[in-house]
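S.K.: For reference, the structure I am asking about is given below.
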Amino acid sequence: MQAFITRGCFTNHGGKIIEGDDSWLVDGKAAHLEGMSHYCPKCNVVSKAIATQRGFIQVKGRNLIVAGDPATCGAKYMKISDLAVRTGGSGSGASSGQASNVQNIIEQLNFDERVQLIDRDDNEPLANIPYHLKDSTGSVVASGTTDENGYTKRFHTTKAEDIHIFIGEPE
């Protein structure tokens, strides 16, 4: 299994990954994609990521970088987490139903969020307040009570869109 490389990971040459795509998050950190760059302190160059396996998962047409993938300077990417991994191996592959399920999960992960509600007057979080969130069609996408820090529950949408925030229970 190979862990996905994210912003904050390192290379074996001492390079730190600061570039990532925020549309694919692993434990809240942006994924590093093929062609993205980092500065290599050992080689004194800006180096680009090379994906060793293509087409497993792509973000905006670019392959995800995993632990062990090389950079153009020869450095290898090192993991900082095993939260999300790619497994290799032979087999018959995923059925169309399995592939469809994976695509559904990927789409949900691309658009998940939570919102912190803040009082305009004193800039304090609105803790333990009922709320509901509606999408552009007026459908409720989330409702509940904010936590002690004023945050809503994490919610998912299938596309990027404006979300309208309402204090109180849905009508």
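Taking the numbering used here, the leading residue of the sequence shown gets 1000, the next gets one more, and so forth. Glycine included, every Cβ here is placed at the ideal spot set by N, Cα and C.
(1) Can you check whether the CB of LEU1024 is closer than 8 Å to the CB of ARG1061?
(2) Nearest-angstrom Cα distance between VAL1065 and ARG1119?
(3) Going by beta-carbon coordinates alone, are VAL1140 and THR1156 separated by less than 8 Å?
(4) Using 10 angstroms around the beta-carbon of HIS1012, count the other beta-carbons present and answer buried if the total reaches 16, otherwise exposed.
(5) Where does ARG1006 land, buried or exposed, given buried means 16+ other C-beta within 10 angstroms?
(6) Starting from the C-beta of GLY1067, find all residues in its chain whose C-beta is less than 8 Å away, skip the five residues before and the five after it, and write them out in chain order.
(7) State the DSSP-derived secondary structure class of ILE1117, mapped to helix, strand or coil.
(8) Candidates LEU1125, ILE1117 and ASP1161: which alpha carbon is nearest LEU1132's?
(9) Quick one: using the 10 Å Cβ neighbour count with 16 as the cut-off for buried, is HIS1037 buried or exposed?
M.R.: To lay it out plainly:
(1) For the pair ARG1061 and LEU1024, the CB atoms are not nearer than the 8 Å cut-off.
(2) The alpha-carbon atoms of VAL1065 and ARG1119 are separated by roughly 43 Å.
(3) A Cβ-Cβ contact shorter than 8 Å links VAL1140 with THR1156.
(4) Around the beta carbon of HIS1012, 16 or more other beta carbons sit within 10 angstroms, so the residue counts as buried.
(5) Burial call: buried.
(6) These residues qualify, in order along the chain: GLN1001, THR1051, LYS1075 and TYR1076.
(7) It is a strand residue.
(8) Ranking LEU1125, ILE1117 and ASP1161 by Cα distance to LEU1132 puts ASP1161 first.
(9) By the neighbour-count criterion, in which a residue is buried when 16 or more other Cβ atoms sit within 10 angstroms of its Cβ, HIS1037 is buried.
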